[in-house]
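Step one of this worksheet: look at the structure below.
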Amino acid sequence: RTYNYPQGRITDHRINLTLYKLAEIMEGDLESIIEPLIVEQQTNQLTELNDALA
Numbered sequence: 026r027t028y029n030y031p032q033g034r035i036t037d038h039r040i041n042l043t044l045y046k047l048a049e050i051m052e053g054d055l056e057s058i059i060e061p062l063i064v065e066q067q068t069n070q071l072t073e074l075n076d077a078l079a
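Heads up, the sequence shown is in my numbering, so the first residue is 26 and it goes up one at a time.
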């Protein structure tokens, strides 16, 4: 991840997510970053399952 304090920006390069909520995230409001990570993980798991069944 990249934390850009002057811009108030956090970027998670693994899932191409950029948020301009750095202050909120640093204060513990992690839902806006955790939810997309969960979706990415679930998508990957479903893809792997589909590939295994094909």
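Quick reminder that beta carbons are idealized off the backbone N, C-alpha and C, glycines included.
Note down the Cα distance separating I63 from K46, rounded to an integer number of angstroms.
-> Along the sequence shown, one-based indexing puts residue 63 at 38. Along the sequence shown, one-based indexing puts residue 46 at 21. Their Cα atoms are separated by approximately 19 angstroms.
Which term fits I35, buried or exposed, when burial requires 16 or more other beta carbons within 10 angstroms of its beta carbon?
-> On the sequence shown, residue 35 is found 10 positions in, with the first residue counted as 1. That one is buried.
Proximity to Q66 [Cα-Cα], best of L44, I40, A79 = Reading the sequence shown from its first residue, position 41 is the one you call residue 66. Looking at the Cα atoms, I40 is the closest of the given residues.
What did DSSP end up calling N41 once you bin it into helix, strand or coil?
-> To locate residue 41, count along the sequence shown from 1; it is residue 16. The answer is coil: DSSP assigns N41 none of H, G, I, E or B.
Hey, quick one: how far does the beta strand (DSSP E) through Y28 stretch, first residue to last?
-> As a working note, residue 28 is residue 3 in the sequence shown. Unbroken beta strand (DSSP E) run through Y28: 27–29.
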